[in-house]
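Using UniProt numbering, the letters of the sequence shown correspond one by one to residues 1 to 307.
Working notes for the structure below.
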Amino acid sequence: MAHSYSDDLRLAHVLADNADSLSMDRFLALDLQVDTKPDMTYVTESDQAVEAAIRRTLKSARTRDVVLGEEQGQDEGANGPGGRRWIIDPIDGTSNFVRGVPVWATLIALEEDGEIVAGCVSAPALGRRWWASKGTGAHTGKSLLSSRQIRVSQVSDLEASSLSYASLGGWDAIGRAEAFAALMRRCWRTRAYGDFWSYMLLAEGAVDIAAEPELNLWDMAALDIVVREAGGTFTSLAGAPGPWGDNALATNTRLHDAAMAYVGHFPDQGPPDRSWTDEPEDDDAWEAEPDNVRAFEFTREPADEAP
Numbered sequence: 001m002a003h004s005y006s007d008d009l010r011l012a013h014v015l016a017d018n019a020d021s022l023s024m025d026r027f028l029a030l031d032l033q034v035d036t037k038p039d040m041t042y043v044t045e046s047d048q049a050v051e052a053a054i055r056r057t058l059k060s061a062r063t064r065d066v067v068l069g070e071e072q073g074q075d076e077g078a079n080g081p082g083g084r085r086w087i088i089d090p091i092d093g094t095s096n097f098v099r100g101v102p103v104w105a106t107l108i109a110l111e112e113d114g115e116i117v118a119g120c121v122s123a124p125a126l127g128r129r130w131w132a133s134k135g136t137g138a139h140t141g142k143s144l145l146s147s148r149q150i151r152v153s154q155v156s157d158l159e160a161s162s163l164s165y166a167s168l169g170g171w172d173a174i175g176r177a178e179a180f181a182a183l184m185r186r187c188w189r190t191r192a193y194g195d196f197w198s199y200m201l202l203a204e205g206a207v208d209i210a211a212e213p214e215l216n217l218w219d220m221a222a223l224d225i226v227v228r229e230a231g232g233t234f235t236s237l238a239g240a241p242g243p244w245g246d247n248a249l250a251t252n253t254r255l256h257d258a259a260m261a262y263v264g265h266f267p268d269q270g271p272p273d274r275s276w277t278d279e280p281e282d283d284d285a286w287e288a289e290p291d292n293v294r295a296f297e298f299t300r301e302p303a304d305e306a307p
């Protein structure tokens, strides 16, 4: 019988409720205190307050569990390193939070024995929340009792796909800027929804591919379980499953290999080929389709057909 994480998921919602209250209280505040970290990213008083509040609750409710957070690092818990670890990003999208853009969220995930088994993504300024636990599917709604199950799309051609990303600069840093640009040209639609939202739209079937070249574990852990339970695939750019790399490629599964062919990054293969192109090597590499006829499939996979 599969282990149930329902109690942990309920706790994640309680943590998210408290986080939403704290973060919304300071969103758009004229006196918001903003500092800069050594890596030149923003951190606000709200980042610190939300993470501290989550840690206090977990210390009481899950005394044996380890906690890893973006702002305060890892607390080894009562028994030291163990099989369960909560992974927290108090505000994913701090730059948006600082500028008054409502696209930011608190990310809460639970890892057990090296696998992300539950996660909650709460975006209070958007009035949205998403969550998932192992084997129970992915959901969105106001609460556990008021929700709907979500599924990835059935789009199977890059030319019919929608791609979302955060920014372009990081792709050059890992030597994949030209490859990523080529992927963008192949896709039907590209938008920079950014941060957590790209992946939640993917889980809902509104986006088919999401990718970022530079990420941390707390940026990805909660997103990973939601995408996978919605029927999608979440890997690093090197193809390793889960949020354990320094970057991410998430798709509706049908498009994963095709997208990986463009942006897959394998350091042991040496420096990238700067002459990389998305053009076929010969004129017969693919058959041209009539430019006035095209069938697009945007439907989501039914929940009862989950892989």
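Virtual Cβ for every residue (Gly too), placed ideally from N, Cα, C.
Query	Result
Using the three-state DSSP reduction, which class does residue 224 fall into: helix, strand or coil?	helix
Do residue 253 and residue 152 have their C-beta atoms closer together than 8 Å?	yes
So what does DSSP say about residue 199, is it helix, strand or coil?	helix
Pick from 245, 93 and 210: whose alpha carbon is nearest that of residue 191?	210
At which residue ranges does the stretch 83-159 contain complete beta strand (DSSP E) runs of 3 or more residues, listed in the order of the chain?	84-92, 105-112, 115-123, 128-133, 138-143 and 146-150
Is the separation between the beta-carbon of residue 86 and that of residue 110 shorter than 8 Å?	yes
With respect to the alpha helix (DSSP H) encompassing residue 57, which residues constitute its N-terminal and C-terminal limits?	45-61
Quick test of the definition: if touching needs 3 or more C-beta pairs under 8 Å, does the stretch 158-166 touch the stretch 179-195?	yes
Cα-Cα, which of 130, 92 and 241 is closest to residue 218?	92
Do residue 232 and residue 258 count as a contact pair if the criterion is CB distance below 8 Å?	no
Taking the alpha helix (DSSP H) that residue 165 belongs to, which residues open and close that run?	Careful: residue 165 lies outside any alpha helix (DSSP H), inside the beta strand (DSSP E) at 162-165.
Evaluate residue 263 with the Cβ neighbour count: other Cβ atoms within 10 Å of its Cβ, from every protein chain shown; 16 or more gives buried, anything less gives exposed.	buried
Would residue 225 and residue 132 qualify as a contact pair, given that the criterion is a beta-carbon distance under 8 Å?	yes
Please determine, among 34, 20 and 33, the residue with the shortest C-alpha to C-alpha distance to residue 50.	20
Alpha carbons only, please: which of 53, 228 and 249 is nearest the one belonging to residue 137?	228
Got a sec? Which residues, its chain only, sit under 7 Å from residue 239 by beta carbon, not counting five neighbours each side?	260 and 264
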